[in-house]
Each structure stands twice: as C-alpha cells, then as structure tokens.
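Presented below is the structure to which this report refers.
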Amino acid sequence: MSPSKTATGIKRAAPTGANAGKTDGTSSKRQKRDGHVAGKDHASTPTPAAAAAAAAENDYGSSLMTNLTYAVDFLKAKGTPKTLQAVLDHLTLQHAPEEQQKRFAQAMQQFARIQWNMPPKAKPTDWQVGTYEFRPLLPGVNSKDTLLKYLQSKKDAGATEVKQIKDGWPDCDEAILELEKEHKILTVRTKKEQTPRYIWIDNPDLHHHVDDEFRAMWFKETLPSPDEMPRRLAALGQKATSGDPTKNTNAGQKAPPKRKKASRIQKKFENEHMRNIFDQHKRK
Numbered sequence: 004m005s006p007s008k009t010a011t012g013i014k015r016a017a018p019t020g021a022n023a024g025k026t027d028g029t030s031s032k033r034q035k036r037d038g039h040v041a042g043k044d045h046a047s048t049p050t051p052a053a054a055a056a057a058a059a060e061n062d063y064g065s066s067l068m069t070n071l072t073y074a075v076d077f078l079k080a081k082g083t084p085k086t087l088q089a090v091l092d093h094l095t096l097q098h099a100p101e102e103q104q105k106r107f108a109q110a111m112q113q114f115a116r117i118q119w120n121m122p123p124k125a126k127p128t129d130w131q132v133g134t135y136e137f138r139p140l141l142p143g144v145n146s147k148d149t150l151l152k153y154l155q156s157k158k159d160a161g162a163t164e165v166k167q168i169k170d171g172w173p174d175c176d177e178a179i180l181e182l183e184k185e186h187k188i189l190t191v192r193t194k195k196e197q198t199p200r201y202i203w204i205d206n207p208d209l210h211h212h213v214d215d216e217f218r219a220m221w222f223k224e225t226l227p228s229p230d231e232m233p234r235r236l237a238a239l240g241q242k243a244t245s246g247d248p249t250k251n252t253n254a255g256q257k258a259p260p261k262r263k264k265a266s267r268i269q270k271k272f273e274n275e276h277m278r279n280i281f282d283q284h285k286r287k
C-alpha cells in the first residue's frame, strides 16, 4: 500500500498551510542546529595560520639546540674567540630575522660549553657585542705548565681523566708522555692500547734510580711461602702480623656447655572448679 494513497485508492493531497509550515519548520530547525554545531567545531579548530605559527615555533626550538651544538663544534675547532657575525655566517643564519638572531645570541651567552667575552662597558642588553669561544671541561689546561698547575691545585687525591684534558687540549698525548718520563705525573694506561687514561701528580725528588744489577738480584731472590713465612720470621726474632696459620689458638677448646632452660614455676591454680578439665586436656 503506497503511503500517498488511502485505503480506497484515492491519492492524498499534498500538505498545505499549517502542516506544510510544520514540515518546513522542522527542516529549518535541523539545519540551524547542524549549522550551529558545525560552527562550534570550526571555532575550536585552529586556523591554518595559527597552526603554522605553532609548528614554526616548535621547529625553531629544536633547530636552536641543533645550531648551538654546531656552534660549539665550530668554536672548538677554531680554538680562538669568534664574533657573533662569524658564528652566524658559519651557521648560515646571517639572513635570519633579527629577533631570531637575538634569541640565538642570548642562548649562546647562557650555554655551559660557550664562554661569552663581554666588553667592559657593554650592557647585558647589548647582545651583538663581544666574542664567543669554546669552554672546555678543564678551562685553561692546554700546556704542560697549566696541567701541572691544575694537578697541584687539586684538593683531593682523585685521578684526572685524560678524556677531560683532551676536551680542551686534543693533542696532549706527547706532553703526558714527557711528564711521565720526568716523573712529574703518574699514569694509568689501558691494557690493550696502552693509551693514558688517568693521571696523578708526582714528585721527581722521590724518584731514585736503581741499578739494573741490583734489580736482577732482587727479583732472583725467592720468597717463602705464606705458610712458612711466620716460622722464618720467628727464627729471626720477628713476629708476623698475620700469625702462624698452623697454630690455631682456638683448636682443642671445647664449645661452652649449653645452658639448661629454666623450668617455669607453676603458679597457683586459681580456678579450682576447672582443675579436672585442665588435667584431662594436659594428658591428651
């Protein structure tokens, strides 16, 4: 049965008047509602310009750290102070906006591995002045004299890593070898490559040359075994600090007897009327 026909087969007339208005009103309300929701979604979505600006800001933050790393490598390779313009030219940032260059200069001034040499009369806001140079882990250690001065100024007896020295003085191997031969430093080397790894300060006045003949005699002399050493020392009237291992002072001593556990004194049974029950339970 067609919805536009009655039970007798006569077609219905199209809705007119108020009914037509209701239908049109329903459609218009739905359209307004859909349009309103779409408007809300559009308002919550950032515009392409704002999204591009946010992406550019994030990209600049990551590129800033990358440029700082390249700037440290550039200053370390040059070994001499460089101006801001020289660093910008090396990083191809000479045509960047002034605000971006300013932020990069301020980042270099606060970076731990870069030293900013500010002129005496310059203000902190003068970001274009001064020079920049690499700041090593051990500042100023770049010769034998400065290395010895640094080792003498240490307040502890800890070792100094050669890796830290090479951070600001890459070709220090020959100088370390010379100082070691002069008995001014003590060196610990790796087992395989025999390259210096740790160094300490040394005193050449404490070094005394030993003849090769005496060294050969020394190493030919055999030492008693650890078990025989206390007896040999005792024969010479000396006492070994470790004692004779064959003489165990505790040998032959009996273990102290174990104490017998004291019996508990039974207290007076107060519940006389329950004594039979208690005795039966104890016998079980």
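The sequence shown maps to residues 4 to 287 in this note's numbering. Every residue gets a Cβ at the ideal spot worked out from N, C-alpha and C, and that includes glycine.
Taking the CB atoms as reference points, tell me whether Gly-171 and Leu-141 lie closer together than 8 Å. yes
CA nearest to the CA of Leu-67, picked from Ala-80, Asp-215, Leu-94, Tyr-135: Leu-94
First and last residue of the alpha helix (DSSP H) that includes Pro-233? 232-238
When DSSP labels each residue in this structure, what does Asn-120 get in the three-state scheme? strand
Those residues which DSSP pairs with Trp-130 across a bridge: DSSP output for Trp-130 lists no bridge partner at all.
Report the option in Val-191, Val-75, Ser-156 whose CA atom is closest to the CA atom of Trp-119. Val-75
When you compare only the Cα positions, how much space is there between Arg-235 and Asp-205? 36 Å
Lys-263 by DSSP, collapsed to three states: which one? coil
For Asn-145, I'd like the list of residues in its chain whose CB is within less than 7 Å of its CB, leaving aside the five on either flank, ordered along the chain. Gly-171, Trp-172
Using the beta-carbon count (16 or more within 10 Å), is Ile-280 buried or exposed? exposed
By a C-beta neighbour count over all protein chains shown, 10 Å radius and 16 as the cutoff for buried, is Tyr-73 buried or exposed? exposed
Proximal residues to Thr-149 (C-beta, below 7 Å), its chain only, five neighbours per side dropped: Gly-143
Just verifying my parser: in three-state terms, what is the DSSP assignment at Gly-82? coil
For Ala-21, I'd like the list of residues in its chain whose CB is within less than 8 Å of its CB, leaving aside the five on either flank, ordered along the chain. At Ala-21, the pLDDT of 47 sits below 50, so the modelled position is not reliable; the number obtained from the coordinates is stated separately. The answer is none, since no qualifying residue turns up.
Taking the beta strand (DSSP E) that Trp-221 falls in, what are its first and last residues? No beta strand (DSSP E) holds Trp-221; the alpha helix (DSSP H) holding it covers 215-223.
Between which two residues does the alpha helix (DSSP H) harbouring Val-165 extend? 165-171
According to DSSP, which residues form a beta bridge with Pro-199? Arg-192
For the region 216-233 against the region 190-202, are there 3 or more C-beta pairs whose distance is under 8 Å? no
Just to confirm, is the Cβ distance from Glu-177 to Tyr-201 under 8 Å? no
Helix or strand or just coil, what does DSSP make of Glu-185? coil
Whether Leu-71 touches Gln-131 by CB criterion (8 Å): no
Hey, how far is the Cα of Arg-116 from the Cα of Cys-175? 20 Å
Under DSSP, the alpha helix (DSSP H) around Ser-156 begins and ends at which residues? 147-156
Considering only the beta carbon of each residue, do Leu-78 and Phe-137 sit closer than 8 Å? yes
From this set, Asp-208, Lys-147, Lys-152, which residue's C-alpha is nearest Leu-180's C-alpha? Lys-147
From the DSSP output, read off the bridge partner residues of Glu-102. In DSSP, Glu-102 forms no bridge with anything.
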